[in-house]
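Student: One structure follows; several queries about it will come next.
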Amino acid sequence: MHNLAIALHNGRHIITGSDDQIFEPSRGRLALKGLLPEAEGWYSEKVHEGLDAIILGMHARADNPELARCSRIGIAHFLLSRIPL
Numbered sequence: 048m049h050n051l052a053i054a055l056h057n058g059r060h061i062i063t064g065s066d067d068q069i070f071e072p073s074r075g076r077l078a079l080k081g082l083l084p085e086a087e088g089w090y091s092e093k094v095h096e097g098l099d100a101i102i103l104g105m106h107a108r109a110d111n112p113e114l115a116r117c118s119r120i121g122i123a124h125f126l127l128s129r130i131p132l
């Protein structure tokens, strides 16, 4: 997910993100681009009508509060999954 966030950021899209745990090398790479969240965790208040969409990683759970809010207010959401090689 961090590579996708960086690619979209480099393409001049406005990117925000959340995660319950961020490890290296993701942490350092996100920090270099100014994309590292201020705090780890899930925050439903980050999800609002002004967003175009949210993209969830393959580890997102059905009880994620950000996903629940997204569904309640009708924001498009996409789930990225691991593609078998």
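If you're matching positions, the sequence shown starts at 48 in the numbering used here and goes up one per residue.
Just so you know, even glycine gets a beta-carbon here, dropped at the ideal spot from N, CA and C.
1. Span of the beta strand (DSSP E) holding ILE62?
2. Taking 8 Å as the limit between beta carbons, can you name the residues of its chain near ARG74, skipping five residues before and five after?
3. Got a sec, what are the start and stop residues for the alpha helix (DSSP H) ILE120 sits in?
4. What first and last residue would you give for the alpha helix (DSSP H) that runs through LEU79?
5. Cα-Cα, which of LEU127, LEU103, SER128 is closest to CYS117?
6. Could you check whether HIS49 and ARG76 sit closer than 9 Å to each other, using their CB atoms as the reference points?
7. Comparing alpha-carbon positions, which option in TRP89, LEU98, HIS95 lies nearest ALA109?
8. Beta carbon of PHE125, beta carbon of ALA86: below 9 Å?
Tutor: In brief:
1. First-last for ILE62: undefined, no H or E at that position.
2. Once the five neighbours on either side are set aside, the close Cβ partners of ARG74 are LEU83.
3. 112-120 is the extent of the alpha helix (DSSP H) around ILE120.
4. Its alpha helix (DSSP H) spans residues 73-79.
5. Nearest option by C-alpha distance: LEU103.
6. A contact, by the Cβ cut-off of 9 Å.
7. Per the Cα distances, TRP89.
8. Not closer than 9 Å, so no.
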